[in-house]
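**Student:** One structure follows; several queries about it will come next.
Chains as they are written, first to last, in our numbering: chain A, 1 to 204; chain B, 1001 to 1163.
This is the structure in structure tokens:
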């Protein structure tokens, strides 16, 4: 039988506060890497039906880039950054200090640059949360996927969907004033390991 | 023409010539298309995982989410709409391995397991597969045009093509 996991509103609010600092830290790392001020909206923490995940960003067959990593340790989970394809090309120009419009194709070098960005944002986020929760997390190397949004987000579905019908999703968005940078930043903690960690630390 | 979105863990069966059944962006998921050319019945399943985790049972769960329950459910729905089980032309699409990164790839190869689950289930039911457009590392959008029984696949950066 499915192990039922539930979170009350009060807990989700506290989680949002912790995630907010994490995303703030990730935005600082992002800003440093691209050399411009990156803003973010306040993250939302909510339970979503797993099967609806591919339809939460744009249309499922729109072209996009997904930068994905997992983390292990006191808490297990996944981090996914989703960038519309055209925005990813512009982002590579920023990352590699090229004139706007230079990057037309995402080859190994360009993907590696995007992977590094995901790695940095993920690590900055996790470091902040680990400090708050007195825990230790180890991120995996990043994987970069250039494909349809639906196909990219299925990774999250198959990882969580075998065990639970719902996933806890922390969702934020990075942007800058000129809208040159636009990226969704998702953190999907494993709900059972999150509850265990909270019990241990009495964060809630 | 009216596009019917067949989302994750869903199936659709139609005999209406206006209908186009679509599963967008299949990655590791697998799409199973069944067509009865005589009764002009078309069906599409969008299955997510090969089978339930041991210890769980279908009970209230959605059988279309899993290959095993979904394939049998689609056959039943096709027959209910007037199709003949022995005439069904079956195509399977998807089952890609989306993650090509050291340390992540093997544990995530649900795509290959989904393909195997379709083959095993259909073999058990003694139903042949006519076309396979499976595996690889890219997502696919599949469309089933009920009017003329055409089935097309589109991958990123390419045009829709018939299979």
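Where is the CB? At the ideal position from N, CA and C, for every residue including glycine.
Tell whether a beta-carbon distance below 8 Å holds between residue 45/A and residue 125/A.
**Tutor:** Not a contact, by the Cβ cut-off of 8 Å.
**Student:** Below 8 Å, can you find three or more Cβ-Cβ pairs linking the region 1041 to 1050 of chain B to the region 1001 to 1014 of chain B?
**Tutor:** Short answer: they touch.
**Student:** Hey, how far is the Cα of residue 1022/B from the Cα of residue 190/A?
**Tutor:** Answer to the nearest angstrom: the Cα atoms are 31 Å apart.
**Student:** What residues of chain B sit near residue 81/A, judged by a beta carbon separation below 9 Å?
**Tutor:** Under the 9 Å cutoff, chain B gives no residues; its nearest Cβ is about 14 Å from residue 81/A.
**Student:** Does any CB atom of chain A fall closer than 8 Å to the CB of residue 1028/B?
**Tutor:** Yes - at least one Cβ of chain A is within 8 Å of the one on residue 1028/B.
**Student:** So residue 1160/B is in the beta strand (DSSP E); what residue range does that whole segment cover?
**Tutor:** Per DSSP, residue 1160/B belongs to no beta strand (DSSP E) and is neither H nor E.
**Student:** Since I believe residue 150/A is in contact with residue 1139/B (beta carbons under 8 Å), could you give me their beta-carbon distance rounded to a whole number of angstroms?
**Tutor:** Contact holds; Cβ gap of about 7 Å.
**Student:** Taking all protein chains shown into account, decide if residue 1086/B is buried (16 or more other Cβ within 10 angstroms of its Cβ) or exposed.
**Tutor:** Residue 1086/B comes out exposed.
**Student:** Suppose only complete runs of 3+ residues qualify. What are the beta strand (DSSP E) ranges in the region 87 to 115 of chain A, listed by chain order?
**Tutor:** If we require 3 residues or more, the region 87 to 115 of chain A turns out to have no beta strand (DSSP E) run fully inside it.
**Student:** Say whether the region 1113 to 1133 of chain B touches the region 1064 to 1075 of chain B, bearing in mind that this needs 3 or more beta-carbon pairs closer than 8 Å, one atom from each stretch.
**Tutor:** With the cut-off at 8 Å, the region 1113 to 1133 of chain B and the region 1064 to 1075 of chain B touch.
**Student:** What separation, rounded to the nearest whole angstrom, lies between the Cα atoms of residue 101/A and residue 182/A?
**Tutor:** About 16 Å.
**Student:** Sort 68/A, 170/A, 92/A by Cα distance to residue 21/A and report the nearest one.
**Tutor:** The option with the nearest alpha carbon to residue 21/A is 170/A.
**Student:** For residue 1041/B, does the three-state DSSP call read helix, strand or coil?
**Tutor:** Three-state DSSP puts residue 1041/B in a strand.
**Student:** I think residue 1078/B touches residue 1034/B, with their Cβ atoms under 8 Å apart; what is that distance to the nearest whole Å?
**Tutor:** So it is a contact: roughly 5 Å between Cβ atoms.
**Student:** Go to residue 1019/B, then tell me how far its alpha helix (DSSP H) extends in each direction, as first and last residue.
**Tutor:** Segment 1019 to 1026 is the beta strand (DSSP E) holding residue 1019/B; no alpha helix (DSSP H) there.
**Student:** Rounded to whole angstroms, what's the CA-CA distance from residue 143/A to residue 118/A? Just pull it up for me.
**Tutor:** Their Cα atoms are separated by approximately 9 Å.
**Student:** Which one or two residues does DSSP pair with residue 174/A in a beta bridge?
**Tutor:** DSSP, once it has assigned bridges, lists 40/A, 183/A as partnering residue 174/A.
**Student:** Taking buried to mean at least 16 other C-beta atoms within 10 Å of its own C-beta, is residue 96/A buried or exposed?
**Tutor:** Looking at its Cβ environment, which holds fewer than 16 other Cβ atoms inside 10 Å, residue 96/A is exposed.
**Student:** Compare the C-beta of residue 205/A against all C-beta atoms of chain B and say whether one is closer than 8 Å.
**Tutor:** Any question about residue 205/A goes unanswered here, given that chain A covers just 1 to 204.
**Student:** Assign residue 1109/B to one of three DSSP states: helix, strand, or coil.
**Tutor:** Of the three classes helix, strand and coil, the one that applies to residue 1109/B here is coil, per DSSP.
**Student:** Nearest-angstrom Cα distance between residue 1162/B and residue 32/A?
**Tutor:** About 47 Å.
**Student:** What are the boundary residues of the alpha helix (DSSP H) that residue 25/A is part of?
**Tutor:** 9 to 34 is the extent of the alpha helix (DSSP H) around residue 25/A.
**Student:** Which complete beta strand (DSSP E) runs does the region 129 to 163 of chain A hold, if anything under 3 residues is left out?
**Tutor:** Fully enclosed beta strand (DSSP E) runs of 3 or longer: 137 to 139, 143 to 148.
**Student:** Show which residues of chain B have a CB atom less than 7 Å away from the CB atom of residue 61/A.
**Tutor:** Under the 7 Å cutoff, chain B gives 1024, 1025, 1141.
**Student:** Would you kindly report the start and end of the unbroken beta strand (DSSP E) that includes residue 1012/B?
**Tutor:** Here the beta strand (DSSP E) through residue 1012/B covers 1010 to 1014.
**Student:** With a cut-off of 8 Å, does the C-beta of residue 93/A fall near any C-beta of chain B?
**Tutor:** Cβ-Cβ to chain B under 8 Å: no for residue 93/A.
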